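Structure below.
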(Lines of atoms letter the chains of each structure in order from A; the text may use other names.)
(Lines give C-alpha, C1' and ligand atoms only; values in the text may rest on other atoms or scores of the structure.)
Protein backbone atom coordinates (compact mmCIF):
# COMPACT_ATOMS: atom_id res chain seq x y z
CA UNK A 1 0.00 0.00 0.00
CA UNK A 2 1.45 3.37 -0.97
CA UNK A 3 0.82 6.33 1.33
CA UNK A 4 1.74 9.90 0.46
CA UNK A 5 3.93 11.97 2.77
CA UNK A 6 2.18 15.29 3.37
CA UNK A 7 3.32 18.60 4.87
CA UNK A 8 2.07 19.29 8.41
CA UNK A 9 3.36 22.69 9.54
CA UNK A 10 7.17 22.54 9.47
CA UNK A 11 7.09 18.74 9.53
CA UNK A 12 5.81 15.99 7.30
CA UNK A 13 3.43 13.17 8.12
CA UNK A 14 1.31 10.37 6.76
CA UNK A 15 -2.44 9.92 6.72
CA UNK A 16 -3.99 6.55 7.51
CA UNK A 17 -7.34 5.60 6.05
CA UNK A 18 -10.34 5.04 8.29
CA UNK A 19 -10.31 1.38 7.23
CA UNK A 20 -6.72 0.88 8.46
CA UNK A 21 -7.41 2.76 11.71
CA UNK A 22 -10.46 0.62 12.46
CA UNK A 23 -8.87 -2.67 11.38
CA UNK A 24 -5.87 -2.21 13.70
CA UNK A 25 -7.85 -0.48 16.47
CA UNK A 26 -5.64 2.61 16.45
CA UNK A 27 -6.77 5.07 19.11
CA UNK A 28 -4.66 8.10 20.07
CA UNK A 29 -1.09 6.84 19.82
CA UNK A 30 1.03 4.49 17.73
CA UNK A 31 4.45 3.12 18.59
CA UNK A 32 7.17 3.65 15.98
CA UNK A 33 9.64 0.76 15.85
CA UNK A 34 12.79 1.28 13.78
CA UNK A 35 14.37 -1.89 12.36
CA UNK A 36 17.06 -2.36 9.73
CA UNK A 37 15.51 -0.84 6.64
CA UNK A 38 11.99 -0.83 8.12
CA UNK A 39 9.68 1.39 10.12
CA UNK A 40 6.87 -0.39 11.93
CA UNK A 41 3.79 1.39 13.25
CA UNK A 42 2.15 -0.52 16.08
CA UNK A 43 -1.07 0.52 17.81
CA UNK A 44 -0.32 1.69 21.34
CA UNK A 45 -2.71 0.27 23.87
CA UNK A 46 -3.15 0.60 27.61
CA UNK A 47 -4.35 -2.88 28.58
CA UNK A 48 -4.60 -2.05 32.28
CA UNK A 49 -6.25 1.32 31.82
CA UNK A 50 -9.12 1.86 34.29
CA UNK A 51 -8.25 -1.27 36.30
CA UNK A 52 -8.04 0.81 39.48
CA UNK A 53 -11.59 2.04 38.94
CA UNK A 54 -12.81 -1.50 38.21
CA UNK A 55 -11.12 -2.95 41.30
CA UNK A 56 -12.61 -0.21 43.48
CA UNK A 57 -16.07 -1.02 42.12
CA UNK A 58 -15.49 -4.75 42.73
CA UNK A 59 -14.52 -3.99 46.34
CA UNK A 60 -17.60 -1.84 46.87
CA UNK A 61 -19.79 -4.69 45.53
CA UNK A 62 -17.98 -7.32 47.62
CA UNK A 63 -16.78 -9.07 44.45
CA UNK A 64 -13.11 -9.04 45.43
CA UNK A 65 -13.15 -12.09 47.71
CA UNK A 66 -10.60 -14.85 47.12
CA UNK A 67 -12.00 -17.78 45.16
CA UNK A 68 -9.49 -20.21 46.68
CA UNK A 69 -8.28 -20.80 50.20
CA UNK A 70 -4.66 -19.91 50.90
CA UNK A 71 -4.26 -23.28 52.60
CA UNK A 72 -5.26 -26.66 51.19
CA UNK A 73 -6.80 -29.38 53.37
CA UNK A 74 -3.97 -31.84 52.70
CA UNK A 75 -1.08 -29.44 53.38
CA UNK A 76 1.48 -30.56 55.95
CA UNK A 77 3.20 -27.58 57.54
CA UNK A 78 5.48 -29.80 59.66
CA UNK A 79 7.58 -30.74 56.64
CA UNK A 80 8.53 -27.06 56.30
CA UNK A 81 10.06 -26.97 59.80
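Residue numbers (this note's numbering): 1 to 81.
Yeah, the Cβ is synthetic: ideal placement off N, Cα and C, and Gly gets one too.
Since the structure is predicted, the reported quantities are computational estimates derived from the model, not experimental observations.
What's the gap between the Cα of residue 26 and the Cα of residue 43?
-> On the chain shown, residue 26 is found 26 positions in, with the first residue counted as 1. On the chain shown, residue 43 is found 43 positions in, with the first residue counted as 1. A direct Cα-to-Cα measurement between residue 26 and residue 43 gives close to 5 Å.
How is residue 55 classed by DSSP in three states: helix, strand or coil?
-> Sequence index remark: in the chain shown, residue 55 carries index 55 (1-based). Here DSSP, grouped into helix, strand and coil, assigns residue 55 to helix.
Does the distance from the C-beta atom of residue 14 to that of residue 20 stay below 8 Å?
-> Taking the first residue of the chain shown as position 1, residue 14 is located at position 14. Taking the first residue of the chain shown as position 1, residue 20 is located at position 20. No, these two residues do not count as a Cβ contact at 8 Å.
With which residues is residue 8 paired in a DSSP beta bridge?
-> Taking the first residue of the chain shown as position 1, residue 8 is located at position 8. Residue pairing for residue 8: DSSP places it in a beta bridge opposite 11.
Please state if the CB of residue 58 and the CB of residue 64 are separated by a distance shorter than 8 Å.
-> Residue numbering aside, residue 64 sits at position 64 when the chain shown is read from its first letter. Residue numbering aside, residue 58 sits at position 58 when the chain shown is read from its first letter. In contact: residue 64 and residue 58 (Cβ atoms closer than 8 Å).
Please report the Cβ distance between residue 41 and residue 34, rounded to the nearest whole angstrom; I am assuming they are in contact, meaning their Cβ atoms lie under 8 Å.
-> For the purposes of this step, residue 41 is identified with residue 41 of the chain shown, where counting begins at 1. For the purposes of this step, residue 34 is identified with residue 34 of the chain shown, where counting begins at 1. By a beta-carbon distance limit of 8 Å, residue 41 does not contact residue 34. Their separation comes to about 11 Å.
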